[in-house]
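Chains as they are written, first to last, in UniProt numbering: chain S, 1 to 366; chain F, 1 to 366. The C-beta atom is built at its ideal place from N, Cα and C for all residues, glycine as well. Quick caveat, the model's predicted, so the values are computed rather than measured. Read through the structure below, which is laid out as structure tokens, and then see the notes.
Number of protein chains: 2
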Amino acid sequence: MNPGNPAVENTGAGAGTAGGGTEKADTLALLERGRTLSTPVLRAAVDRLAAPMDTVAAYHFGWIDVDGNPADGDGGKAVRPALALLSAEAAGAPAEVGIPGAVAVELVHNFSLLHDDLMDGDEQRRHRDTVWKVHGPAQAILVGDALFALANEVLLELGTVDAGRATRRLTTASRKLIDGQAQDISYEHRERVSVQECLEMEGNKTGALLACAVSIGAVLGGADDRTADKLEEYGYHLGLAFQAVDDLLGIWGDPESTGKQTWSDLRQRKKSLPVVAALAAGGPACEELARLLAADAKSNDFENFSEEEFAHRAALIEAAGGRQWTADEARRQHAIAVRALDDVDMPQRVREQLVALADFVVVRKR
Amino acid sequence: MNPGNPAVENTGAGAGTAGGGTEKADTLALLERGRTLSTPVLRAAVDRLAAPMDTVAAYHFGWIDVDGNPADGDGGKAVRPALALLSAEAAGAPAEVGIPGAVAVELVHNFSLLHDDLMDGDEQRRHRDTVWKVHGPAQAILVGDALFALANEVLLELGTVDAGRATRRLTTASRKLIDGQAQDISYEHRERVSVQECLEMEGNKTGALLACAVSIGAVLGGADDRTADKLEEYGYHLGLAFQAVDDLLGIWGDPESTGKQTWSDLRQRKKSLPVVAALAAGGPACEELARLLAADAKSNDFENFSEEEFAHRAALIEAAGGRQWTADEARRQHAIAVRALDDVDMPQRVREQLVALADFVVVRKR
Numbered sequence: 001m002n003p004g005n006p007a008v009e010n011t012g013a014g015a016g017t018a019g020g021g022t023e024k025a026d027t028l029a030l031l032e033r034g035r036t037l038s039t040p041v042l043r044a045a046v047d048r049l050a051a052p053m054d055t056v057a058a059y060h061f062g063w064i065d066v067d068g069n070p071a072d073g074d075g076g077k078a079v080r081p082a083l084a085l086l087s088a089e090a091a092g093a094p095a096e097v098g099i100p101g102a103v104a105v106e107l108v109h110n111f112s113l114l115h116d117d118l119m120d121g122d123e124q125r126r127h128r129d130t131v132w133k134v135h136g137p138a139q140a141i142l143v144g145d146a147l148f149a150l151a152n153e154v155l156l157e158l159g160t161v162d163a164g165r166a167t168r169r170l171t172t173a174s175r176k177l178i179d180g181q182a183q184d185i186s187y188e189h190r191e192r193v194s195v196q197e198c199l200e201m202e203g204n205k206t207g208a209l210l211a212c213a214v215s216i217g218a219v220l221g222g223a224d225d226r227t228a229d230k231l232e233e234y235g236y237h238l239g240l241a242f243q244a245v246d247d248l249l250g251i252w253g254d255p256e257s258t259g260k261q262t263w264s265d266l267r268q269r270k271k272s273l274p275v276v277a278a279l280a281a282g283g284p285a286c287e288e289l290a291r292l293l294a295a296d297a298k299s300n301d302f303e304n305f306s307e308e309e310f311a312h313r314a315a316l317i318e319a320a321g322g323r324q325w326t327a328d329e330a331r332r333q334h335a336i337a338v339r340a341l342d343d344v345d346m347p348q349r350v351r352e353q354l355v356a357l358a359d360f361v362v363v364r365k366r
Numbered sequence: 001m002n003p004g005n006p007a008v009e010n011t012g013a014g015a016g017t018a019g020g021g022t023e024k025a026d027t028l029a030l031l032e033r034g035r036t037l038s039t040p041v042l043r044a045a046v047d048r049l050a051a052p053m054d055t056v057a058a059y060h061f062g063w064i065d066v067d068g069n070p071a072d073g074d075g076g077k078a079v080r081p082a083l084a085l086l087s088a089e090a091a092g093a094p095a096e097v098g099i100p101g102a103v104a105v106e107l108v109h110n111f112s113l114l115h116d117d118l119m120d121g122d123e124q125r126r127h128r129d130t131v132w133k134v135h136g137p138a139q140a141i142l143v144g145d146a147l148f149a150l151a152n153e154v155l156l157e158l159g160t161v162d163a164g165r166a167t168r169r170l171t172t173a174s175r176k177l178i179d180g181q182a183q184d185i186s187y188e189h190r191e192r193v194s195v196q197e198c199l200e201m202e203g204n205k206t207g208a209l210l211a212c213a214v215s216i217g218a219v220l221g222g223a224d225d226r227t228a229d230k231l232e233e234y235g236y237h238l239g240l241a242f243q244a245v246d247d248l249l250g251i252w253g254d255p256e257s258t259g260k261q262t263w264s265d266l267r268q269r270k271k272s273l274p275v276v277a278a279l280a281a282g283g284p285a286c287e288e289l290a291r292l293l294a295a296d297a298k299s300n301d302f303e304n305f306s307e308e309e310f311a312h313r314a315a316l317i318e319a320a321g322g323r324q325w326t327a328d329e330a331r332r333q334h335a336i337a338v339r340a341l342d343d344v345d346m347p348q349r350v351r352e353q354l355v356a357l358a359d360f361v362v363v364r365k366r
């Protein structure tokens, strides 16, 4: 229950497939390649925005600080760009063919972050004040809208039939992203959320866009719909595994690694997987947890709760089995994802890299 | 200066081309056809949204009231759907070919209304409370996002090369719409806005989407890019004429016809065309107006201003020539729009209907 323990290794998720030091180094190189190839194109796209939206977007991406000085911000793990490039290679095309797809997916991802942070009232992201907090709500809405439009523009200006197919998949994923955020908001006001509802919401919020990232490069490389669908199956379940790990880190993650507060998701009263699984488990720990969370929802003093009070709730979630269930779920989704790759004919090296990336997602500590 | 006088007929904009009673009846029939053919498809598209976004969107479109009961709301003038259908016919295709284009353009238009109303803090639209006022800011953001995504979906699921071309044009127009809103917001904080800046902003906010409406049907009907560009030129200048008339109605329109308050745009301190033209004119009326508006900007008592105080500002705008300049500008833009049609080979009946629609836009009273 020490928040310093990496949540997933504790429970063995990913064991058996997770590689040793060399494989991990390869995956880090893949992530780095995605970042290196896509960032210049992403920056050129964002530069097309009219002032002041270009500056606001550059702040959001961490390329400049609040005062407009160049910054070397934390651009995130960059799993999506890495997947989009591998996706092109899975279809037998050069990685570079996937670049516009990588950029479009990143633009949609960041459109949703800008709007979600405003809707959720989140004041911090990646250790910095969020856009609405610095530049006001109108800029968060406008720049989000502009990035969403830009995503379609980057793809459609390729002018090919495959670009149209890729844009259609991105549009479908975007709609699911929006559906997921709508579900997330509606769940905040409900006392009980079922495990199934939580999984559906997380599939929309995280699975759909990872699925798109892993099909979009292939589609741009001329893959047929069946291949793209199978790749999306891998990406969707990888997204669910990713989110299950995120939910574990949101409670038991090491603040030094995650950059978030201790018990972060509990402080935000998030109905994440460990919580809903614990509440569905029955038994004395489950009942005490339900009683406490119901009281918390009405408490005016919640913000002043001590570390011990959050630690107590985390302990109840764990005692009710919510932590174990979520780690098992990460492993289950990881296995489904990897199995979906069997149905796609692709170069062996690409297959191994996609498996290694799935392993990385499950054992990561941030 | 009686706000009951229709602003444009006073100054003769559109005279010379505006038709008699029969032509007007034809135009009303064209608008009705656009509404009749596109609304069922629009409603089916909106029905795809997950709850509660479908309901919020239905409220926005005026199909249900606040309590969820069916309503027969004022869906607006429906100029864009009428243009999209004529656009298909201009390319020699049946009007029906333009329907997905009409629906996509309406979806983008309403995405921008939902977000703009929230950013601008506007509490009323078409005589009803706006979505953010009734359902909260998060729903206004989410449903706007969803309609934007849906617009691309409706086109791209056609699966043709021309659908990809149409979506690209819609995306370009959407970006201009967003640029225009960004300009509009930034101008609010500035003391002086030039006529040129105002025209550029209005071209982005109104011209770009009307331009797209008038090319999108043709593109779906297989028209080449040159034809589409020429049609867009008609639509863009029609949009500028439309907006000039809107700006006149925003000050001198009859509240019974427009559904807005008297001196509506003055109450909102809008830097619309008559205002910026008056401020650029020089002379005593211009100077007094500039002095008054500068004082108004700092006034805490602005909301309690009397009818007479607004009437005085309107009189100064007129005395400085802002009203006449704007009416002339509407006529200039109308003429450029109609002239652009000469360069497109299209059935004579369609050409006449596009001219009649342009005449209607310039002489309308609401």
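For residue i: DSSP bridge partner residues
i                     : result
residue 64 (chain S)  : S:70
residue 124 (chain F) : F:129
Beta-carbon proximity list for residue i, same chain, < 7 Å, skipping 5 on both sides
i                     : result
residue 116 (chain S) : 181
residue 38 (chain S)  : 81, 99, 102, 103 and 106
residue 261 (chain S) : 255 and 267
residue 130 (chain F) : 117, 122, 123 and 124
residue 10 (chain F)  : At residue 10 (chain F), the pLDDT of 38 sits below 50, so the modelled position is not reliable; the number obtained from the coordinates is stated separately. Excluding positions up to five away in sequence, the list is empty.
residue 144 (chain S) : 111, 114 and 115
residue 309 (chain F) : none
residue 274 (chain S) : 247, 248, 251, 317, 322, 323 and 326
Where the alpha helix (DSSP H) through residue i begins and ends
i                     : result
residue 310 (chain S) : 307-319
residue 263 (chain S) : Counting along the chain, residue 263 (chain S) falls outside any alpha helix (DSSP H), and DSSP gives it neither H nor E.
residue 344 (chain F) : Note, residue 344 (chain F): premise wrong, no alpha helix (DSSP H); not H, not E.
residue 49 (chain S)  : Premise fails: residue 49 (chain S) is in no alpha helix (DSSP H) and is neither H nor E.
residue 291 (chain S) : 284-298
residue 366 (chain S) : Residue 366 (chain S) -> no alpha helix (DSSP H), and no H or E assigned at all.
residue 87 (chain F)  : 79-90
residue 200 (chain S) : 195-202
Contact under 8 Å by Cβ, residue i with residue j
i                     : j                     : result
residue 241 (chain S) : residue 334 (chain S) : yes
residue 317 (chain S) : residue 278 (chain S) : yes
residue 91 (chain F)  : residue 218 (chain F) : yes
residue 146 (chain F) : residue 156 (chain F) : no
residue 89 (chain S)  : residue 95 (chain S)  : yes
residue 337 (chain S) : residue 238 (chain S) : yes
residue 184 (chain F) : residue 201 (chain F) : yes
residue 78 (chain F)  : residue 35 (chain F)  : yes
residue 46 (chain F)  : residue 57 (chain F)  : yes
residue 172 (chain F) : residue 167 (chain S) : no
residue 27 (chain F)  : residue 356 (chain F) : yes
residue 141 (chain S) : residue 346 (chain F) : no
residue 420 (chain S) : residue 210 (chain S) : The question about residue 420 (chain S) has no answer here: the residues shown for chain S are numbered 1 through 366.
residue 187 (chain S) : residue 271 (chain S) : yes
residue 321 (chain S) : residue 281 (chain S) : yes
residue 247 (chain S) : residue 326 (chain S) : yes
residue 152 (chain F) : residue 176 (chain F) : no
residue 154 (chain S) : residue 161 (chain F) : no
Residues near residue i in its chain [Cβ-Cβ closer than 6 Å; skip 5 each side]
i                     : result
residue 14 (chain S)  : Low local confidence applies: a pLDDT of 42 at residue 14 (chain S) is under 50, so the model's placement there is unreliable, with the coordinate-based value given in what follows. Taken in chain order, the residues that qualify are 359, 362 and 363.
residue 18 (chain S)  : Here the model assigns residue 18 (chain S) a pLDDT of 44, short of 50, so the residue's position is not dependable, and the following value carries that caveat. 359 and 363, listed in sequence order.
residue 221 (chain F) : 88, 91, 93 and 97
residue 330 (chain F) : 13, 241, 244, 245 and 362
residue 258 (chain F) : 249 and 366
Same chain, Cβ closer than 8 Å to residue i, neighbours up to 5 away in sequence not counted
i                     : result
residue 350 (chain S) : 86, 89 and 90
residue 55 (chain S)  : 64 and 68
Only counting runs of 4 or more residues, tell me where the alpha helix (DSSP H) segments fall wholly within the segment 129-185 of chain F, in order along the chain.
Those alpha helix (DSSP H) runs which fall completely within the segment 129-185 of chain F and span 4+ residues are 131-135 and 137-156.
What are the complete alpha helix (DSSP H) segments, minimum 4 residues, inside the segment 207-279 of chain S?
208-220, 225-252, 255-258 and 264-267
If the cut-off is 8 Å on Cβ atoms, which residues from the segment 177-200 of chain F count as contacting chain C, listed in chain order?
Here chain C cannot be found, since the structure's protein chains are S and F.
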